[in-house]
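Below is one structure, written out as structure tokens; comments come after it.
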Amino acid sequence: MRLSNFYTKTRRSMAAQDSKNAYLLEKAGYISQVAAGVYAFLPLAVRSLQKIETIVREEMNALGGSEVIFSALQPKSTWEKSGRWEDKNFRQIVYLDPEADMTFGATHEEPMTIALKQSVQSYRDLPVILFQFQTKFRKELRAKSGLLRGREFRMKDLYSFHPDEESHHKFYEDAAKTYLKVFERLGLDAYRVKASGGVFTDEFSDEFQVICETGEDEILVNHKTKTGFNKEVEDKLKETDKKKLERVKAIEVGNIFPLGTKYSDAFDLKYLDASGDRQSVWMGSYGIGISRLLGTLAELFNDEHGLKLPSQVAPFEAVVINLTSSKTGEKIYSDLTEQGVEVLLDDRDEMAGTKLVDADLIGYPIRLVYSAKTAQDGKIEIKERGSGKVTLVNLEDVVGRVQKLLS
RNA sequence: CGGGCUGUGGCGCAGUUGGUAGCGUGCCGCGUUUGGGACGCGGAGGCCGUGAGUUCGAGUCUCACCAGCCCGACCA
41 MRLSNFYTKT
51 RRSMAAQDSK
61 NAYLLEKAGY
71 ISQVAAGVYA
81 FLPLAVRSLQ
91 KIETIVREEM
101 NALGGSEVIF
111 SALQPKSTWE
121 KSGRWEDKNF
131 RQIVYLDPEA
141 DMTFGATHEE
151 PMTIALKQSV
161 QSYRDLPVIL
171 FQFQTKFRKE
181 LRAKSGLLRG
191 REFRMKDLYS
201 FHPDEESHHK
211 FYEDAAKTYL
221 KVFERLGLDA
231 YRVKASGGVF
241 TDEFSDEFQV
251 ICETGEDEIL
261 VNHKTKTGFN
271 KEVEDKLKET
281 DKKKLERVKA
291 IEVGNIFPLG
301 TKYSDAFDLK
311 YLDASGDRQS
321 VWMGSYGIGI
331 SRLLGTLAEL
341 FNDEHGLKLP
351 SQVAPFEAVV
361 INLTSSKTGE
371 KIYSDLTEQG
381 VEVLLDDRDE
391 MAGTKLVDAD
401 LIGYPIRLVY
411 SAKTAQDGKI
421 EIKERGSGKV
431 TLVNLEDVVG
441 RVQKLLS
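The first sequence lines up with residues 41 to 447 when you count with the numbering used here.
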């Protein structure tokens, strides 16, 4: 990709803002605010979000999931049937078009359950594991912290349907393991913590939390086992348990819920077992905030010059900046592109300083600079954004070196 | 939903006791520059958040509303 053909622009001046992720992502040109808690995702953000989604999708497929895209618009009656509309906490976060009696999807337990009534009759039809990537709408009373708590956001949600509690429990634990793997692949150190089920279930749920000073959750964790408890369930803990735990601030990046038969019973989703008896379906739901993950990564990976997202989620893996009038930059750009490296050529008619400052702000993991200085010895400079390490390499070795750094 | 602060060219801001709006940056043109947002000259760009009032006259004063940010309550 050539920067001259890529829709993006960094901003020189920004209003002071407490949220680091919103400030950096907006200044670097990833996102643009539309309203409180509502952001447009610009090309840089889209590339990062797609990479995050790809990692999540691979793991959901490995878990046995089938990808779907359900509708975001849902009839209000859906929630009335499950009884959830009676819950004031639920009702107040749902966007509603009262004329059409339609709601803007906040979650999908009910629609999924309704859909399964058509396809599940026998124990032979179970389990069913469905997931989707979708925009969710939640009327947060107070949107804040940039991408960490929005009113419109990207989310992966997965729903599992099982013949009994035991098989559900087994899947639930597999899902928890998969979640930890997803966060690890994204470069995040996640803790599995017990929390309340909120408006989803009366049971405990499991949250996946990433320690971060600016997070809005408070959790009690054991650093050895990478487990802990949300502060909201603290009063249920024994004193002896508490002593071993450290209290930290964190961002919730995922949450999984054992739902039991709450929704399947509400919609009468049943199946016939091997002996011909009608049985309730056991359910679970499993969410990962995709756009919140981008906010979390921005919150954690940055310095005074800008973003430094890990290469597996950065919009591009490398940038080429040519400060000479030769065609060397073009050559390196096309060589890297041919080898499958996601590289951007900064071919703008801008000053060297502008290109270097923008490179740090946007946070390309690898920066290649060809200048009169490096050209003297037939070399090019490689700078790693993460560590700040600078090396000079021969032109013919660039591709190999970049590939090695990215592997 | 309570409390505080803020709304003025694309973005960031200033605007005195009321007199019809300015700076920085970005943008366009020309020239000089070229390893950390460089400089000179010349330009374009504003219903001063919205609506009512007070006044000869409102960016400025009054009231209401709307929006954004922050704190709290709430929250997969």
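C-beta: ideal position from N, C-alpha, C; glycine also.
Taking Cβ to Cβ, would you say Met195 is nearer than 8 Å to Ile92?
Contact check for Met195 against Ile92 fails: the beta carbons are separated by 8 Å or more.
Give the range of the alpha helix (DSSP H) segment to which Glu149 is assigned.
That run of the alpha helix (DSSP H) goes 149-159.
Could you give the first and the last residue of the continuous alpha helix (DSSP H) run that contains Thr218?
Taken as a continuous stretch (DSSP letters only), the alpha helix (DSSP H) holding Thr218 covers 205-225.
So Ile26 and Leu347 are in contact, right, with Cβ under 8 Å, and what is the actual spacing, rounded?
With the chain covering 41 to 447 only, the question about residue 26 has no answer from this structure.
For Asp398, collect the residues of the same chain with a Cβ closer than 7 Å to its Cβ; drop the 5 residues on either side in sequence, then sort them by chain order.
For Asp398, where only same-chain residues beyond five positions count, the Cβ hits under 7 Å are Thr50.
For a quick check, are the C-beta atoms of Val222 and Val74 less than 8 Å apart?
Result no, Cβ atoms of Val222 and Val74 do not sit closer than 8 Å.
Are the CB atoms of Ile330 and Leu89 within a distance shorter than 8 Å?
Taking C-beta atoms as the reference points, Leu89 and Ile330 count as a pair closer than 8 Å.
Can Asp386 and Val430 be called in contact, C-beta distance under 8 Å?
The answer is no: Cβ separation not under 8 Å.
Gly255 beta carbon less than 8 Å from that of Ser245
Inclusion of Ser245 and Gly255 in the CB contact set at 8 Å is not warranted, their separation being larger than that value.
Three-state secondary structure (DSSP) of Pro355
In the three-state DSSP reduction, Pro355 falls in the coil class, being neither helix nor strand.
Hey, could you find the ends of the alpha helix (DSSP H) Trp119 is sitting in?
Taken as a continuous stretch (DSSP letters only), the alpha helix (DSSP H) holding Trp119 covers 116-122.
What does a CB cutoff of less than 8 Å around Ala473 pick up in its chain, not counting 5 residues either side in sequence?
The requested residue 473 does not occur in the structure, where the chain is confined to residues 41 to 447.
Taking the alpha-carbon of Val168 as reference, which of Phe177, Ser315, Leu198 has the nearest alpha-carbon?
Residue Leu198 is the option with its Cα nearest to Val168.
From the DSSP output, in three-state form, read off Ser325 for me.
Strand.
Buried or exposed: which applies to Asp134, given that a residue is buried once 16 or more other Cβ atoms fall within 10 Å of its Cβ?
Here residue 134 turns out to be Val, not Asp, going by the sequence shown. Val134 is buried by the Cβ-count criterion.
Mind checking which residues open and close the alpha helix (DSSP H) that includes Thr377?
That run of the alpha helix (DSSP H) goes 368-378.
Since I believe Val233 is in contact with Phe201 (beta carbons under 8 Å), could you give me their beta-carbon distance rounded to a whole number of angstroms?
26 Å between Cβ atoms; not a contact.
Just how far apart, CA to CA, sit Thr336 and Gln416?
Rounded to whole angstroms, Thr336 to Gln416 spans 42 Å at the Cα level.
Please determine if the stretch 98-107 and the stretch 350-358 are in contact, where contact requires at least 3 C-beta pairs separated by less than 8 Å.
Touching, no.
Can you pull the DSSP bridge partners for Met195?
BP columns for Met195 point to Gln174, Gly329.
Closest by C-alpha distance to Lys179, when choosing among Asp141, Ser111, Gln132, Val433:
Closest by alpha carbon: Gln132.
Beta-carbon gap between Asn262 and Lys284 smaller than 8 Å
Annotated as proximal: Asn262 and Lys284, with beta-carbon spacing under 8 Å.
Same chain, Cβ closer than 7 Å to Thr258, five either side skipped, listed in chain order:
In the sequence under discussion, the amino acid at residue 258 is Glu, which differs from the Thr named in the question. Result list for Glu258: Lys271, Arg287, Lys289, in chain order.
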